[in-house]
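Below: the structure, in structure tokens.
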Amino acid sequence: MPRRSYDQYCAVARALDAVGERWSLLIVRELLGGPRRYTDLHADLPGVSTDILATRLKQLEGEGLVERRRLERPANATVYELTPRGADLRPVVEALARWGGPDLGEPRPTDAVRAHWYPAAD
């Protein structure tokens, strides 16, 4: 399936072409903490299907933001990690967290919560 594009000669539109799909920035958020196995990513992204997670990871790899790496023994596992270009999204994710923070309120009974989603106090 071809990727959607805004087809605009605009830096914001091009950036959204790369990371604007649902779940993409949340995957980046998870990888900002370091390399993660697929199963760990899936566990910390409640609500994402395995198909969507796999698709988004491939898209982010294709954009040069994420890379897949095989760990040496004894771990012998595959991990996903941000490339330097992907790590450049840290201030974007942090800015979104600051912007969205005032609207969080109290967690709803249906909200998933993970301790690492809360940024350290500045």
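Positions in the sequence shown are counted from 1; adding 22 to them yields the numbering used here. Think of the CB as a built atom: it goes at the ideal place given N, C-alpha and C, for glycine as much as any other residue. Only a predicted model underlies this, so the values are computations on that prediction, with no experimental measurement involved.
Original post:
DSSP on E8, reduced to helix/strand/coil?
Top reply: The requested residue 8 does not occur in the structure, where the chain is confined to residues 23 to 144.
Original post:
Taking just the CA atoms, how far does R36 sit from H64?
Top reply: Walking along the sequence shown from the start, residue 64 turns up at place 42. Walking along the sequence shown from the start, residue 36 turns up at place 14. When rounded, the distance between both Cα atoms is 27 Å.
Subject >> Beta-carbon gap between V115 and R51 smaller than 9 Å >> reply: In the sequence shown, residue 115 corresponds to position 93, counting from 1. In the sequence shown, residue 51 corresponds to position 29, counting from 1. Closer than 9 Å, so yes.
Original post:
Is V34 helix, strand or coil by DSSP?
Top reply: By one-based count along the sequence shown, residue 34 stands at place 12. DSSP places V34 in helix when its eight states are reduced to three.
Subject >> Beta-bridge pairing of R102 - partner residues as DSSP gives them >> reply: Counting from 1 along the sequence shown, the entry for residue 102 is found at position 80. The question names Arg, but residue 102 in the sequence shown is Tyr. R58, R90.
**OP:** On a CA-only basis, which of D110, D66, P113 is nearest A137? Give me that one, please.
**Re:** Translated into the one-based positions of the sequence shown, residue 137 becomes position 115. With distances taken between Cα atoms, A137 lies closest to D66.
Subject >> V34, buried or exposed, once every other Cβ within 10 Å from all chains shown has been counted against 16 >> reply: Indexing the sequence shown from 1 puts residue 34 at position 12. V34 should be labelled exposed.
**OP:** Would you mind reading off the limits of the alpha helix (DSSP H) that contains S46?
**Re:** Here residue 46 corresponds to residue number 24 of the sequence shown, with the count starting at 1. 46-53 is the span of the alpha helix (DSSP H), which, as asked, contains S46.
**OP:** May I ask you to report which of helix, strand or coil DSSP gives P129?
**Re:** For the purposes of this step, residue 129 is taken as residue 107 along the sequence shown, with counting starting at 1. It is coil, neither helix nor strand.
Subject >> For A119, the three-state DSSP class (helix, strand or coil) >> reply: To locate residue 119, count along the sequence shown from 1; it is residue 97. A119 falls in the helix class under three-state DSSP.
Subject >> C-alpha gap between L139 and L126, whole angstroms >> reply: Residue 139 sits at position 117 when you count from the first residue of the sequence shown. Residue 126 sits at position 104 when you count from the first residue of the sequence shown. The question names Leu, but residue 139 is Trp in the sequence shown. Looking at the two C-alpha atoms, the distance is approximately 12 Å.
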